[in-house]
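Each remark here refers to the structure printed beneath this line.
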């Protein structure tokens, strides 16, 4: 076996090796996200990791947000914006948050059709809590962080 063949074999073995931090569920060719410390398989299987920005909220139930009306109203203003002049939507809205929770796009369209009498964000939180009572504020914060909504995270931190 020549040196070139050994080099190619070593490169192939290194390419197939999972990162040391990877779990047993990580595939060989999956992208390892060092920020989340997970791959796409782990993200699908176990959900997002806890939000490091809000450790005090990690274990609190999402239903608490429905009781904190001032915080909820501020989040509604941020995450349920009116469509722009061209009809375009902003990035990181309730529609995007609903997708993170696995809610179908048709539901989001329906929830937005109920405005202004009903907030899509409030409807989403109520549905997530009803469907998954163990949903936490930490998971909600993680989704906001993944959407790049530092402003909404700052509002959410008022609960901590």
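Numbering (mature numbering (1 follows the signal peptide of the UniProt record, and there is no 0)), first residue to last: -22 to -1, 1 to 138.
We put the CB at the ideal spot given by N, CA and C, even for glycine.
Note down, in chain order, each residue of its chain lying with its Cβ closer than 8 Å to the Cβ of residue i, except the 5 sequence neighbours on either side.
{"i": "residue 126", "result": "69, 70"}
{"i": "residue 137", "result": "35, 38, 42, 43, 46, 49, 115"}
{"i": "residue 89", "result": "72, 76, 96, 98, 101, 102"}
Counting only the same chain and skipping the five closest in sequence on each side, list residues whose C-beta sits under 7 Å from that of residue i.
{"i": "residue 57", "result": "71, 72, 75, 99, 130"}
{"i": "residue 52", "result": "133"}
In or out: residue i buried (at least 16 other Cβ within 10 Å) or exposed?
{"i": "residue 133", "result": "buried"}
{"i": "residue -4", "result": "The pLDDT assigned to residue -4 is 48, lower than 50, so where the model puts this residue is not dependable, and the model offers no usable value."}
{"i": "residue -21", "result": "exposed"}
Measuring straight from C-alpha to C-alpha, what distance separates residue i and residue j?
{"i": "residue 105", "j": "residue -19", "result": "59 Å"}
{"i": "residue 35", "j": "residue 91", "result": "31 Å"}
{"i": "residue 37", "j": "residue 107", "result": "14 Å"}
{"i": "residue 81", "j": "residue 109", "result": "11 Å"}
{"i": "residue 55", "j": "residue 111", "result": "25 Å"}
{"i": "residue 120", "j": "residue 135", "result": "12 Å"}
{"i": "residue 60", "j": "residue 87", "result": "14 Å"}
{"i": "residue -17", "j": "residue 117", "result": "46 Å"}
{"i": "residue 83", "j": "residue -14", "result": "46 Å"}
{"i": "residue 94", "j": "residue 128", "result": "25 Å"}
Shortest alpha-carbon distance to residue i belongs to which of the options?
{"i": "residue 41", "options": "88, 113, 94", "result": "113"}
{"i": "residue 85", "options": "60, 95, -14, 102", "result": "102"}
{"i": "residue 79", "options": "124, 97, 128, -17", "result": "124"}
Can you find the residues in the same chain that come closer than 6 Å, C-beta to C-beta, to residue i, ignoring five residues on each side of it along the sequence?
{"i": "residue 122", "result": "130, 131"}
So does residue i have its beta carbon nearer than 7 Å to some heavy atom of the ligand HEM?
{"i": "residue 82", "result": "In terms of ligand content, the structure shown is empty, and the ligand HEM therefore cannot be addressed."}
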